[in-house]
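Take a look at the structure set out below.
2 protein chains.
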Amino acid sequence: MSVRNVDDVTLKPVPAGTDTQHQVLIGPGEAPSFALRRFVMQAGGGMPLHTNTVEHEQYVLRGRARVVIGSEEHEVSKGDVVFIPAGTPHSYDTLGDEPFEFLCAVPNGPDTIELVGC
Amino acid sequence: MSVRNVDDVTLKPVPAGTDTQHQVLIGPGEAPSFALRRFVMQAGGGMPLHTNTVEHEQYVLRGRARVVIGSEEHEVSKGDVVFIPAGTPHSYDTLGDEPFEFLCAVPNGPDTIELVGC
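Listed in order, the protein sequences are those of chains Z and A.
Taking the working numbering, the leading residue of the first sequence gets 1390, the next gets one more, and so forth.
Taking the working numbering, the leading residue of the second sequence gets 1390, the next gets one more, and so forth.
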């Protein structure tokens, strides 16, 4: 692919999340180093505390959320940039009445998600 | 860093561009695999045809532009996802009256830019 629109890519539920979907905008089979995804959490949705084996580089497109990263807690909104190191526990809880949407880039390769405290 | 806002990061001119600035949102010293940058081109601005030694994964945040990628020409706008393989000639010319803004992720490591036809 060279160009595609975000609205033309299928959104799929994220099993570990609540009212959370994601879409793969540039997949690991399309680019050599890293993948680009978008996550959409409906108002009231989120992701519980978990770890991944790969780091996340994120950019908030819309909405607000409380994001826990290790021992820190942040309220994030449009234009915020979030870096989550590999292995660091993190969670998302939407705030307000509109969907929370963000881009999330991850390196290609295997990723294991583990819920914390389960 | 864990969280920072795009408006708190310095924008610097891109020497090869016209009315084009960029900012490093997550730098190669902060993340192990790839960097996240934002480019802002004022109306009338752009970048001439050039190559880079690294691939680009891009997401359009605002505005419109004509983007050439190899032998293809695309008009892109908000929500468009653009992949430019390493070594592929590409250029940007803004369209309309508002700034053209996009995120651009690149793998860490040396990158050489070469203008095409100069």
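Glycine included, every Cβ here is placed at the ideal spot set by N, Cα and C.
Taking the alpha carbon of residue i as the reference point, which residue from the options has its own alpha carbon closest?
i, options, result
"residue 1452 (chain A)", "A:1501, A:1506, A:1435", "A:1435"
"residue 1495 (chain A)", "A:1420, A:1395, A:1390, A:1465", "A:1420"
"residue 1500 (chain A)", "A:1471, A:1454, A:1440", "A:1440"
"residue 1471 (chain A)", "Z:1402, Z:1415, Z:1400", "Z:1415"
"residue 1390 (chain A)", "A:1498, A:1430, A:1418", "A:1418"
"residue 1432 (chain Z)", "Z:1402, Z:1467, Z:1466, Z:1482", "Z:1482"
Are the CB atoms of residue i and residue j nearer to each other than 8 angstroms?
i, j, result
"residue 1428 (chain A)", "residue 1491 (chain A)", "yes"
"residue 1477 (chain Z)", "residue 1459 (chain Z)", "yes"
"residue 1412 (chain Z)", "residue 1398 (chain Z)", "yes"
"residue 1438 (chain Z)", "residue 1480 (chain Z)", "yes"
"residue 1522 (chain A)", "residue 1474 (chain A)", "Residue 1522 (chain A) falls outside the range modelled here, since chain A spans only 1390 to 1507, and no answer is possible."
"residue 1455 (chain Z)", "residue 1464 (chain Z)", "yes"
"residue 1394 (chain A)", "residue 1396 (chain Z)", "no"
"residue 1448 (chain Z)", "residue 1425 (chain A)", "yes"
How would you write the range of the beta strand (DSSP E) that residue i sits in, first residue to last?
i, result
"residue 1422 (chain A)", "Residue 1422 (chain A) -> no beta strand (DSSP E), and no H or E assigned at all."
"residue 1392 (chain Z)", "1392-1394"
"residue 1397 (chain A)", "Taken as a continuous stretch (DSSP letters only), residue 1397 (chain A) belongs to no beta strand (DSSP E), as it is neither H nor E."
"residue 1470 (chain Z)", "1469-1473"
"residue 1408 (chain A)", "1407-1415"
"residue 1446 (chain A)", "1445-1451"
"residue 1465 (chain Z)", "1461-1466"
"residue 1482 (chain Z)", "1479-1484"
"residue 1490 (chain A)", "1489-1496"
Q | Interfacial residues, the stretch 1394-1413 of chain A to chain Z, with Cβ spacing under 9 angstroms | A | Taking 9 angstroms as the cut-off between beta carbons, the residues of the stretch 1394-1413 of chain A near chain Z are 1394, 1395, 1396, 1398, in sequence order.
Q.
Does the stretch 1479-1487 of chain Z come into contact with the stretch 1400-1411 of chain A, if we say contact requires no fewer than three beta-carbon pairs (one atom in each stretch) closer than 8 angstroms?
A. As far as the Cβ criterion goes, the stretch 1479-1487 of chain Z does not touch the stretch 1400-1411 of chain A, which means the pair count is below three.
Q: Identify each residue in the stretch 1465-1483 of chain Z for which the Cβ-Cβ distance to at least one residue of chain A is less than 7 angstroms, and report them in chain order.
A: From the stretch 1465-1483 of chain Z, only 1465, 1468, 1469, 1470, 1471, 1472 have a Cβ closer than 7 angstroms to chain A.
(Q) Please list, in chain order, the residues of the stretch 1415-1432 of chain A that have any C-beta partner in chain Z closer than 8 angstroms. (A) Within the stretch 1415-1432 of chain A, contact with chain Z at the beta-carbon level (separation under 8 angstroms) is assigned to 1415, 1419, 1420, 1421, 1422, 1423, 1425.
**Q.** Proximal residues, the stretch 1482-1507 of chain A versus chain Z, C-beta separation under 8 angstroms
**A.** Listed in sequence order: 1492, 1494, 1496.
(Q) Please list, in chain order, the residues of the stretch 1446-1462 of chain A that have any C-beta partner in chain Z closer than 7 angstroms. (A) With the criterion set as a beta carbon lying under 7 angstroms from some beta carbon of chain Z, the members of the stretch 1446-1462 of chain A are 1446, 1448, 1458, 1461, in sequence order.
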